[in-house]
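Asks:
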Ligand SMILES: [Zn+2]
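Numbering (the working numbering), first residue to last: 6 to 423.
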C-alpha cells in the first residue's frame, strides 16, 4: 500500500465510541436524547489520486467519502463513516470517480463496525440526472447479511466502467443546499411567493423560508423538510406538494386566498452540504430537539413561529417530510383534537382512494412518546394538526411526485371546507 493511501486511512481511523446494537430497526425507538452540541468529524476533502490513473473526489457539496484505497489492480475500496456517534444507521455516501484510461473496476463500499448499507447505489454523469446501478453490476457481502433484520449487508460491491468522464456515485440523488435554493428561486417568479431568511445554521448557512400566499397570517400551514440530510425521497415529495400549492388549479388559487403557506425546505443545510448521515453540524439529530431547542436551526424556526402566533396567527396544519424503508404516515394520537380536528385522517383516507392504496401505513403516536419531534411540538404547543410524511427510500420517483400532488390537493380541499 502506498504511503498516500495509508495517510488516507489514518485520516479515517478515528476510534468511535460506538455503542450500537447490531439489529437494524426501520426507525429508532423515539427517545429523549441530549441535544447539546458535540464535536463532529469533518471529512478530509479533495481529489484523491489512488494510483493506476484512477481519481476519486469528495470536493463538492453533499459529498461523503471518508477514505479510499486501490486495494488491487481492479478493486477500489471506499470507507464511509458517520459525522459522530451514536447515530441512526443510515450511511450516506456520495463521491465521484474517473480515470485517464477507460476500464472496468470493482468498487467496494464498507462502513464502520455496527453499520449496515442502506441506500442502493445511484449513478450520474452530470450530477443532475440519476439512475439506479444495473443490478447485474451490484453484489452484497452474503456473510455479512447474517443477523441483519432487513437483510442489509455491511459492505457492497459494484462493477463500474470508468473513463475520463466523471461518474457520480451516491446513495440517493444529490440535492445540495444550493440546489434547494435554486428550486426556491424558480418558484419566486410567481408574484404570490416570497423568500426570506429566518436564521443561520451552525456553520452560517441561511435557514430560508418560502411564503406562498398574500392574505393576512390569521390562517397558516407549515411545511418542513431535510431535518435528516439523506432523506431525499421525502424532499422530492415535499417539492411536489409545495409546487401543487403554488399551482394554477382552482383549488390552489382558492386555498391561497384563505391560507398562507410557509415552507422551510432545508432545515439542516450544514448536514446536507457536509454529507451527514443524520445530524446537524452540532452533532445533533434535529428531530429530537423540538423540546429543548438547543440548536440554532430550530431556534430560528421557534422564533419565526412564536412571532406569527404573537401577531395573532394560527397554524392549522403542519407536515414534516422524511424518508425511511417504506411509505408511512406518522400521525398524532387521533383521539386528541387540534385546531382542525379530523383533518389528517380525512386527508389520508382521500389520498389513499386516489392512489388506490387499500392499506395506508398509518402509525399514530402513543401518549407516552417523548415530545421531542417537530410533530409533537407543532401539535402539542401550537395545536396544528401534524403529520410526519415518510417516503420509502426506493419508492418510484414518479409515484412520489404523484403522491405529493394528491396529498396537497386533498389537503387544500379539506381545509377549504372547514
Ligand atoms: Zn427522518
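For glycine and all other residues, C-beta sits at the position ideal for the given N, C-alpha and C.
1) From the DSSP output, in three-state form, read off residue 29 for me.
2) Across which residues does DSSP place residue 173 in a beta bridge pair?
3) Using only the alpha-carbon positions, how far apart do residue 247 and residue 268 sit?
4) Return the first residue and the last residue of the alpha helix (DSSP H) that residue 68 is part of.
5) State whether the stretch 316 to 328 contacts the stretch 226 to 240, with contact taken as three or more CB pairs (one from each stretch) at a distance under 8 Å.
6) On a Cα-Cα basis, can you pick out the residue from 131, 152, 111 that is closest to residue 142?
7) Between which two residues does the beta strand (DSSP E) containing residue 323 stretch?
8) Do residue 357 and residue 365 count as a contact pair if the criterion is CB distance below 7 Å?
9) So residue 126 and residue 145 are in contact, right, with Cβ under 8 Å, and what is the actual spacing, rounded?
10) Rounded C-beta distance between residue 270 and residue 97? I'm assuming under 8 Å.
11) Quick check on residue 415: buried or exposed, where buried means 16 or more other Cβ atoms within 10 Å of its Cβ?
12) Hey, how far is the Cα of residue 446 from the Cα of residue 100?
13) Quick check on the burial criterion: 16 or more other C-beta atoms within 10 angstroms. Buried or exposed for residue 121?
14) Starting from the N-terminal side, write out each stretch of the alpha helix (DSSP H) that is 4 residues or longer and does not extend beyond the stretch 228 to 260.
15) Quick check: residue 55 and residue 43, are their CB atoms within less than 7 Å of each other?
16) Three Cβ pairs or more, each shorter than 8 Å: is that satisfied between the stretch 169 to 180 and the stretch 252 to 268?
17) For residue 401, does the three-state DSSP call read helix, strand or coil?
18) Could you pull out every residue in the same chain whose Cβ sits closer than 7 Å to the Cβ of residue 186, ignoring the five residues on either side in sequence?
19) Under 7 Å, do residue 223 and residue 343 count as touching if we go by C-beta distance?
20) Give the DSSP-derived three-state secondary structure of residue 187 in the structure shown.
21) Taking 6 Å as the line, does the beta carbon of residue 236 fall inside it for any heavy atom of ligand 1?
22) For residue 207, which residues in the same chain have their Cβ closer than 7 Å to its Cβ, ignoring the five residues on either side in sequence?
23) Can you give me the Cβ contacts of residue 349 inside the same chain, cut-off strictly under 6 Å, excluding the 5 residues immediately before and after it?
24) Which residue's Cα is closest to the Cα of residue 39: 422, 92, 53?
25) Nearest by alpha-carbon distance to residue 257: which of 57, 419, 58 is it?
26) If residue 320 sits next to residue 387, beta carbons under 8 Å apart, how far is it from one beta carbon to the other, in whole angstroms?
27) Relative to the C-alpha of residue 219, which residue among 200, 210, 233 is closest?
28) Ignore the nearest five residues each way along the sequence and tell me which others in residue 29's own chain have a CB closer than 8 Å to its CB.
29) Is residue 109 helix, strand or coil by DSSP?
30) Express the C-alpha separation of residue 85 and residue 45 in angstroms, rounding to a whole number.
Replies: Inspection of the coordinates gives the following:
1) If you number the chain shown from 1, residue 29 lands on position 24. Low local confidence applies: a pLDDT of 29 at residue 29 is under 50, so the model's placement there is unreliable, with the coordinate-based value given in what follows. If DSSP states are grouped into helix, strand and coil, residue 29 belongs with coil.
2) Your numbering for residue 173 matches position 168 in the chain shown. Partner(s): 101, 129.
3) Here residue 247 refers to the residue found at position 242 of the chain shown. Here residue 268 refers to the residue found at position 263 of the chain shown. Rounded to the nearest angstrom, the two C-alpha atoms are 8 Å apart.
4) Sequence index remark: in the chain shown, residue 68 carries index 63 (1-based). Segment: none, residue 68 is in no alpha helix (DSSP H) and carries neither H nor E.
5) yes
6) Looking up residue 142 in the chain shown gives position 137. Of 131, 152, 111, the residue nearest in Cα terms is 111.
7) Taking the chain shown and counting its residues from 1, one reaches residue 323 at position 318. Element bounds for residue 323: 319 to 329.
8) The residue you call residue 365 lines up with position 360 of the chain shown. The residue you call residue 357 lines up with position 352 of the chain shown. It is a contact, given that the beta carbons lie within the stated cut-off.
9) Counting from 1 along the chain shown, the entry for residue 126 is found at position 121. Counting from 1 along the chain shown, the entry for residue 145 is found at position 140. With 8 Å as the limit, residue 126 and residue 145 do not qualify as a contact, their Cβ atoms being about 11 Å apart.
10) Taking the chain shown and counting its residues from 1, one reaches residue 270 at position 265. Taking the chain shown and counting its residues from 1, one reaches residue 97 at position 92. Actually they are not in contact, since the Cβ atoms of residue 270 and residue 97 sit about 18 Å apart, beyond 8 Å.
11) As a first step, residue 415 is located in the chain shown; it is residue number 410 there, counting from the start. Answer is buried; the Cβ neighbour count reaches 16.
12) For residue 446 there is no data in the structure shown, the boundaries of the chain being 6 and 423.
13) The residue you call residue 121 lines up with position 116 of the chain shown. The residue is buried, with at least 16 neighbouring Cβ atoms inside 10 Å.
14) 237 to 250
15) Mapped onto the chain shown, residue 55 falls at position 50. Mapped onto the chain shown, residue 43 falls at position 38. Not in contact: residue 55 and residue 43 (Cβ atoms no closer than 7 Å).
16) no
17) Looking up residue 401 in the chain shown gives position 396. In the structure shown, residue 401 sits in coil (DSSP, three-state: anything other than H, G, I, E or B).
18) For the purposes of this step, residue 186 is taken as residue 181 along the chain shown, with counting starting at 1. Excluding positions up to five away in sequence, the list reads 213.
19) Your numbering for residue 223 matches position 218 in the chain shown. Your numbering for residue 343 matches position 338 in the chain shown. No. Outside cutoff.
20) For the purposes of this step, residue 187 is taken as the residue at position 182 of the chain shown. DSSP places residue 187 in helix when its eight states are reduced to three.
21) Residue 236 sits at position 231 when you count from the first residue of the chain shown. Checking every heavy atom of ligand 1 against the Cβ of residue 236, one is found closer than 6 Å.
22) Along the chain shown, read from residue 1 onward, the residue named residue 207 stands at position 202. Result list for residue 207: 275, 285, 286, 287, 301, in chain order.
23) Against the chain shown, residue 349 aligns to sequence position 344. Contacts found: 336, 390, 392.
24) Numbered from its first residue, the chain shown carries residue 39 at position 34. Checking every option, the nearest Cα to that of residue 39 belongs to 92.
25) Indexing the chain shown from 1 puts residue 257 at position 252. Comparing Cα-Cα distances from residue 257 to each of 57, 419, 58, the minimum goes to 419.
26) Counting from 1 along the chain shown, the entry for residue 320 is found at position 315. Counting from 1 along the chain shown, the entry for residue 387 is found at position 382. Going by Cβ atoms, the distance from residue 320 to residue 387 rounds to 5 Å, so yes, they are a contact pair.
27) Taking the first residue of the chain shown as position 1, residue 219 is located at position 214. Nearest C-alpha to residue 219: 200.
28) The sequence position of residue 29 within the chain shown is 24, counting from 1. At residue 29 the pLDDT is 29, less than 50, meaning the model places this residue with poor confidence and gives no usable figure here.
29) Taking the chain shown and counting its residues from 1, one reaches residue 109 at position 104. DSSP places residue 109 in strand when its eight states are reduced to three.
30) By one-based count along the chain shown, residue 45 stands at place 40. By one-based count along the chain shown, residue 85 stands at place 80. Their Cα atoms are separated by approximately 14 Å.
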